[in-house]
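Working notes, beginning with the structure itself.
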Amino acid sequence: MRVLLAGFEASGPVAAYMAAEHRLSIMRRFLVWEGETPIAAAGMTIDAGVAILGAASTLPEYRGRGAQPTLLRRRLEAAAAEGCTLAVATARPGSPSVANLERAGFQLHRRAAWTLSG
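End of the sequence shown = 117 in numbering that gives the first Met the number 0, gap-free, step of one.
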């Protein structure tokens with residue numbers, strides 16, 4: 000959790016939400032190490048043959064070294080080993096995560112985001 004939250008620079012309610020999500024028994028957690036140092040983290044859940052790729056982040060000082068593609072590849076390998084035939088992920092448009100997902104063969108599907116007004 001420390002690596003995941005630090006990579007996102009998350010705090011407050013967002014950090015609390017992410018921590019709660021990662022306490023769920025269905026959450027599978029992944030780390031990328033550089034030597035003895037964990038540098039990137041991600042999560043994944045599986046439901047009915049669908050891998051739901053959760054948040055992934057890399058510590059700022061280790062970005063650009065291939066940690067995100069490694070996390071993506073490892074989660075997809077684990078999902079395939081569990082019999083998943085579909086994987087889904089969300090990412091902010093234009094982000095490095097979108098580029099990593101596209102390079103891995105994901106097709107982008109844009110959808111409207113809902114917000115509360117008033």
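Where a beta carbon is used, it is the ideal one built from N, C-alpha and C, also for glycine.
- As the crow flies, the alpha-carbon of Ala80 is around 16 Å from that of Gly42.
- DSSP, reduced to helix, strand and coil, places Arg28 within a strand of the structure shown.
- Between Ile38 and Ala66, the CB-CB gap stays under 8 Å.
- As for any beta strand (DSSP E) of minimum length 3 sitting wholly inside the region 19 to 107, the runs are 27 to 33, 36 to 46, 49 to 57, 85 to 88, ordered along the chain.
- The distance from the Cβ of Ile45 to that of Ala78 is about 6 Å, consistent with a contact at the 8 Å cut-off.
- Put simply, the backbone Cα of Gly93 is about 31 Å away from that of Gly82.
- Secondary structure of Ala112 (DSSP, three-state): coil.
- Excluding sequence positions up to five before and after Leu70, its CB lies within less than 7 Å of the CB of Phe29, Val31, Ala39, Ala41, Ala55, all in the same chain and listed in chain order.
- Secondary structure at Met17: helix, using DSSP grouped into helix, strand and coil.
- The beta carbon of Thr84 sits closer than 7 Å to those of Gly48, all from its chain and outside the five residues before and after it, given in chain order.
- Here the alpha carbon of Ala88 sits roughly 26 Å from the alpha carbon of Thr36.
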